[in-house]
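First residue of the sequence shown: 5, per the working numbering; consecutive thereafter. Note that the Cβ used here is the ideal one computed from N, Cα and C, for glycine as well. Note that the structure is a prediction, hence the values are computed from the model and not measured.
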Amino acid sequence: GNRSTGRMGYEVAAAAARRGAEVILVSGPTHLETPAGVRRVNVRSARDMYAAVLAEYENADAVIKAAAVADYRPAETAEHKIKKTDGPLTLTLTRNPDILYELGQKKRGQILVGFAAETQNVEAYAQEKLAKKNLDFIVANNVAEKDAGFGVLTNHVKIFFADGRAEDHPLMAKAALAGVILDHLEEALQKRA
Ligand code: C5P
């Protein structure tokens with residue numbers, strides 16, 4: 005239900021592989037090419053993504069959850085084409101699992117990094133997700149800004165950390181932001197060790 009292309013996640017995966025990490029990229033449908041040195045697992049639905057991420061979780065040192073997962077799915081799947089009538093059509097939606105929340109609940113030393121795409125109250129909502137999903141840090145952006153978020157090569161973010169720190173960043177290429185995120189991840193991994 006949004007215009008996410010997967011670009012931010014692909015930039016992070018590419019940069020992590022270049023730094024020598026073993027990278028598993030769980031990806032929904034996109035036109036982007038699999039970065040060099042990355043193992044890609046293709047999924048279509050939020051539930052498939054949940055299963056694929058969970059299957060790797062136990063052996064992972066970190067999860068960076070950049071996917072803009074749909075929060076809802078249609079409650080029923082039609083076996084045959086839905087024929088139109090003159091009136092409106094009402095679809096009932098049901099909740100998808102919140103993958104990152106579940107990872108937060110099952111966390112055993114993994115570093116968890118989330119994103120928060122908001123259109124208002126960015127800081128408050130980001131802080132709330134950081135706590136609720138049990139994350140180490142969260143990368144928040146206002147997707148209403150024209151050069152940030154879905155379908156563009158740049159992003160404009162503020163990063164909030166579990167220890168209360170917050171870091172403002174200028175508008176930058178998603179490839180550069182991937183480097184910033186991985187620097188913080190390396191720092192978190194070192195602290196954990
Ligand atoms: O959608 P929301 O703003 O809550 O997303 C915050 C974080 O949670 C993101 O890192 C996103 O990848 C993750 N998320 C998820 N499963 C969902 C919805 C969001 O893992 N169903």
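For L97, the uninterrupted beta strand (DSSP E) segment begins and ends at L97 to R99. Counting the other CB atoms within 10 Å of its CB gives G13 a total of 16 or more, which places it among the buried residues. CA-to-CA, the gap between L193 and A20 works out to about 13 Å. By the C-beta criterion, the segment 79-97 is judged not to be in contact with the segment 133-147, since fewer than 3 inter-stretch pairs fall below 8 Å. K178: member of the alpha helix (DSSP H) spanning K178 to R196, first to last residue. Within the segment 46-82, complete alpha helix (DSSP H) segments of at least 4 residues are found at 50-61, given in chain order. The DSSP-derived three-state label of V156 is coil. Beta-bridge pairing by DSSP links D172 to K162.
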